[in-house]
Amino acid sequence: MARISICFGLTAFALSLAFAPASGHAADAPAGWQTDIYAAHQASLKTGKPMVVVVGAEWCHFCKKLENETLVDPTMAGYIGANFVPVHLDFDQNKPIAKVLEIQSIPSTVILSPEADLLGRVDGFQVPRDYWERLEDARELHSKVSPAGYTAPAE
6 MARISICFGL
16 TAFALSLAFA
26 PASGHAADAP
36 AGWQTDIYAA
46 HQASLKTGKP
56 MVVVVGAEWC
66 HFCKKLENET
76 LVDPTMAGYI
86 GANFVPVHLD
96 FDQNKPIAKV
106 LEIQSIPSTV
116 ILSPEADLLG
126 RVDGFQVPRD
136 YWERLEDARE
146 LHSKVSPAGY
156 TAPAE
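Numbers in the working numbering are just positions in the sequence shown, counted from 1, shifted up by 5.
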């Protein structure tokens, strides 16, 4: 059910963006993180890597803590870059996307397969080791359900 609602929501929202101006970017996105979920989705489809979507806000203390203590940790940053398409969204600038992703509080991390299957969710601040464990659970789930010889869909 989560896949259907997220797929439908992302598709519907993507169509709405075709007729609307681009949304703002996350000012505090870590280096190498995308701020456009649609471009990230295309990269995810091309590479077969799941997306890690972190939703935070400029005014959120624990969002800053997650960014400054966990996401910039060199081991964590390398792990995310090697295994995921990282996306950082500002909650205030991306409320329709946050609604589709069913964000109830921030910071929130949603892990999606290239097909927009919900692979995992991390709510709140986590230290690097705990965050890594949650991401690794999602990555392992993705590797079990994705085809072994993934090839990007024809354009």
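Even for Gly, the Cβ is constructed at its ideal location relative to N, Cα and C.
Fair warning: this is a prediction, and the values are worked out from it, not measured in the lab.
In terms of Cα proximity to R144, the closest of S110, L106, P119, Y43 is P119.
With respect to K149, V90 sits apart: the two C-beta atoms are not nearer than 9 Å. The residue among A48, T40, S151, Y84 with its C-alpha nearest the C-alpha of V59 is T40.
Of the candidates L71, E141, L146, E141 places its Cα closest to the Cα of A87. Contact between the region 116 to 133 and the region 94 to 105 is not established, with fewer than three Cβ pairs separated by less than 8 Å. Assignment of beta-bridge partners to G83 by DSSP yields no partner. DSSP places P101 in the helix class (H, G or I) of the three-state scheme.
A direct Cα-Cα distance of roughly 26 Å separates W64 from A44. For D78, same chain residues with a beta-carbon under 8 Å away, outside a window of 5 residues either side, are P133 in chain order. Inter-residue distance for I108 and V92 is about 15 Å (C-alpha atoms, whole angstroms).
In this structure, the alpha-carbon of D128 lies about 6 Å from that of T114. Burial is judged here by how many other beta carbons sit within 10 angstroms of a residue's own beta carbon; H66 has fewer than 16 and is exposed.
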